Amino acid sequence: MTTAPSPDLLLVLLEVSRSGRFTTAGEGLGLNHTTVARKIAALEKSLGGRVLARAAGGWELTPLGERAVGVAAQVAEAMGRLSSDAGDPVTGSVRMTATDGFSAYIASPAVAALRAEQGSRSSSSP
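Counting from 470, one number per residue, gives the positions in the sequence shown under my numbering.
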């Protein structure tokens, strides 16, 4: 029995189809190769068939995988349109509870970098 696949799973397949490797796809998505493999397995379970086949240079799409990648490309395009129309993606307040060490050495530099990046975006806007 097949169910509608998660858009997240489709986007993972799209990245694997572009690179042919789980490791490279994972790097592009911020995931490790094991997580990519699990997501592909979940997609295959959802679709009721194999989407990838082992090839000499990595992975290649099966006919089902080719159809799924077509849909995944449409999902990626729609998400791109949504994010480009969204305006400033960072607004509002953030409250966080953390240890002193985490706050001083990780959170504060990350917030400063985010503010600098957002400041440069807003100053370059018309």
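Using N, Cα and C, we set each Cβ at its ideal position, and we do this for glycine too.
Model, not experiment: these values are computed from the prediction.
Selected residue, minimal CA-CA separation from residue i, among the options
i           : options       : result
residue 490 : 531, 506, 517 : 506
residue 473 : 504, 515, 564 : 515
residue 475 : 563, 582, 544 : 544
residue 527 : 537, 494, 536 : 494
Distance CB(residue i)-CB(residue j) smaller than 8 angstroms
i           : j           : result
residue 482 : residue 534 : yes
residue 517 : residue 566 : no
Chain D contact for residue i (CB, 8 angstroms cutoff)
i           : result
residue 508 : Absent from the structure is chain D; it holds one protein chain and no more.
Backbone CA spacing between residue i and residue j [nearest angstrom]
i           : j           : result
residue 579 : residue 569 : 15 angstroms
residue 520 : residue 547 : 22 angstroms
residue 485 : residue 571 : 34 angstroms
residue 585 : residue 562 : 16 angstroms
residue 488 : residue 542 : 14 angstroms
residue 511 : residue 550 : 27 angstroms
residue 496 : residue 503 : 12 angstroms
residue 582 : residue 525 : 42 angstroms
Whole-Å CB distance - residue i paired with residue j, under 8 angstroms assumed
i           : j           : result
residue 513 : residue 522 : Contact doesn't hold; Cβ gap of about 11 angstroms is too wide.
Close beta carbons around residue i, own chain, < 7 angstroms, minus the five adjacent residues each side
i           : result
residue 540 : 479
Spatial neighbours of residue i in its chain, beta-carbon cut-off 6 angstroms, leaving aside the 5 residues before and after
i           : result
residue 577 : none
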